[in-house]
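21 is the number of the first residue of the sequence shown in the working numbering; add one for each residue after it.
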Amino acid sequence: SPHRAKRPWQGQQEETVADNKPSYDPTCYLCPGNKRITGEQNPVYNKPFVFKNDFSALLPDTPAPEAGSDPLFQISHTQGESRVICFSPDHSKTLPQLSVAEIEQVVQVWQEQANELKTRYQWVQIFENKGSMMGCSNPHPHGQIWASNFLPNEIAIEDECQANYFSQYGRPLLLDYAERELTKKERIVVETEDWIAVVPYWAGWPFETLLLPKHKHFKRITDLNEAERADLALALKKLTTRYDNLFNISFPYSMGFHFAPFNESDNPHWQLHAHFYPPLLRSATVRKFMV
Numbered sequence: 021s022p023h024r025a026k027r028p029w030q031g032q033q034e035e036t037v038a039d040n041k042p043s044y045d046p047t048c049y050l051c052p053g054n055k056r057i058t059g060e061q062n063p064v065y066n067k068p069f070v071f072k073n074d075f076s077a078l079l080p081d082t083p084a085p086e087a088g089s090d091p092l093f094q095i096s097h098t099q100g101e102s103r104v105i106c107f108s109p110d111h112s113k114t115l116p117q118l119s120v121a122e123i124e125q126v127v128q129v130w131q132e133q134a135n136e137l138k139t140r141y142q143w144v145q146i147f148e149n150k151g152s153m154m155g156c157s158n159p160h161p162h163g164q165i166w167a168s169n170f171l172p173n174e175i176a177i178e179d180e181c182q183a184n185y186f187s188q189y190g191r192p193l194l195l196d197y198a199e200r201e202l203t204k205k206e207r208i209v210v211e212t213e214d215w216i217a218v219v220p221y222w223a224g225w226p227f228e229t230l231l232l233p234k235h236k237h238f239k240r241i242t243d244l245n246e247a248e249r250a251d252l253a254l255a256l257k258k259l260t261t262r263y264d265n266l267f268n269i270s271f272p273y274s275m276g277f278h279f280a281p282f283n284e285s286d287n288p289h290w291q292l293h294a295h296f297y298p299p300l301l302r303s304a305t306v307r308k309f310m311v
């Protein structure tokens, strides 16, 4: 119902956040050289910096619970690690404000972290919640890397759908989907040599996008070579800049990369991709709620 975007709005409106942060904030837990809430001191870093999340959602030594006798009240234990990646030492910047070379450094660290964590966990999730509207607790440019011994529900569904398509057609679903979008040229937002960002055919959010390879089959972010990594950095800069330019604000979103699990399967059906879920509906102050 496209006409619904024109309906009068007297509902909740969000406050816009002024983009006037200093390059260094002595009270910020993520700035170089500052102490975090735990008392640990950050190094005076000048490139992406990764550390164990001080309030980890996942722990590597969670004990197994006792088995329950009631089939309706069953639990299983999860083990994993949660890490924070500071994209830049500059407190005032956001991802689209970094240079392509600086974003490439971030992508390289994502690769390094995934390569290290894959030895212990089958799932690695790289993501960013940008903006206070998305629940981000600190404005310093940063994201998170979680690793777990289980597949989250959304990933399990993606795994099953891609496997079913591959079983029927012998090709990765998202590789065929990218080909269709390149032919139609109706929903492409950003295009580089190796990547496209599209508003997916099944989008549920007004400004939702899907970032995926154009022609190549990459099962994981760790598969990218130096040139492909640099082009991904360019695609990320272009896409996030276009978001910022929509309403001339630092555009909020939740972004996450999905790629093949690190398990015993060869996973030929998987294709690397990233989801961007922005909460805004039709202006900088009106957000969409979905339940």
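We treat Cβ as the ideally placed atom computed from N, Cα and C, and that holds for glycine.
State the DSSP-derived secondary structure class of residue i, mapped to helix, strand or coil.
| i | result |
| --- | --- |
| residue 106 | strand |
| residue 187 | helix |
| residue 239 | coil |
| residue 203 | helix |
| residue 269 | coil |
| residue 111 | coil |
| residue 257 | helix |
| residue 233 | strand |
| residue 61 | strand |
| residue 33 | Low confidence applies here, because residue 33 scores a pLDDT of 49, under 50, leaving its location unreliable and the question unanswered by this model. |
| residue 290 | coil |
| residue 245 | coil |
| residue 135 | helix |
| residue 217 | strand |
| residue 173 | helix |
| residue 123 | helix |
| residue 284 | coil |
| residue 178 | helix |
| residue 28 | Low per-residue confidence applies at residue 28: pLDDT is 48, beneath 50, and the placement is therefore not dependable enough to give any value. |
Judging by CA-CA distance, which residue of the options is the nearest neighbour of residue i?
| i | options | result |
| --- | --- | --- |
| residue 160 | 51, 78, 69 and 298 | 51 |
| residue 257 | 43, 42, 217 and 173 | 217 |
| residue 66 | 102, 106 and 99 | 106 |
| residue 139 | 173, 169, 223 and 124 | 169 |
| residue 242 | 61, 133 and 229 | 133 |
| residue 69 | 93, 143, 85 and 49 | 49 |
| residue 269 | 87, 114, 96 and 54 | 114 |
| residue 109 | 45, 221 and 259 | 45 |
| residue 370 | 82, 97 and 181 | Summary: the structure shown does not reach residue 370, with the chain confined to residues 21 through 311, and so no result is reported for it. |
| residue 259 | 82, 93, 120 and 54 | 120 |
| residue 273 | 225, 196 and 182 | 225 |
| residue 104 | 92, 126 and 122 | 126 |
| residue 19 | 236, 172, 180 and 237 | In the structure displayed, the chain extends from 21 to 311; residue 19 sits before or after that span and is not available. |
| residue 178 | 47, 236, 293 and 204 | 293 |
| residue 75 | 90, 82, 92 and 57 | 57 |
| residue 285 | 180, 129, 59 and 221 | 180 |
Given a cut-off of 8 angstroms, decide if residue j and residue i are closer than it, judged by their beta-carbon atoms.
| i | j | result |
| --- | --- | --- |
| residue 145 | residue 166 | yes |
| residue 219 | residue 262 | no |
| residue 212 | residue 266 | no |
| residue 231 | residue 194 | no |
| residue 73 | residue 102 | yes |
| residue 192 | residue 291 | yes |
| residue 283 | residue 239 | no |
| residue 297 | residue 228 | yes |
| residue 174 | residue 163 | no |
| residue 99 | residue 78 | yes |
| residue 95 | residue 85 | yes |
| residue 116 | residue 214 | no |
| residue 281 | residue 142 | yes |
Using 8 angstroms for Cβ pairs, my map puts residue i next to residue j. What's the rounded Cβ distance?
| i | j | result |
| --- | --- | --- |
| residue 252 | residue 131 | Between residue 131 and residue 252 the Cβ distance is about 10 angstroms, and since that is not below 8 angstroms, they are no contact. |
| residue 150 | residue 198 | 25 angstroms between Cβ atoms; not a contact. |
| residue 42 | residue 111 | 6 angstroms |
| residue 124 | residue 250 | 5 angstroms |
| residue 278 | residue 295 | 7 angstroms |
List the DSSP bridge partners of residue i.
| i | result |
| --- | --- |
| residue 83 | Answer is none; residue 83 lacks a bridge partner. |
| residue 297 | 274 |
| residue 143 | 168 |
| residue 160 | Residue 160 is not bridged to any residue. |
| residue 5 | Nothing in the structure corresponds to residue 5, since the chain is present only between 21 and 311. |
| residue 101 | 167 |
| residue 69 | 106 |
| residue 149 | 274 |
| residue 208 | 218 |
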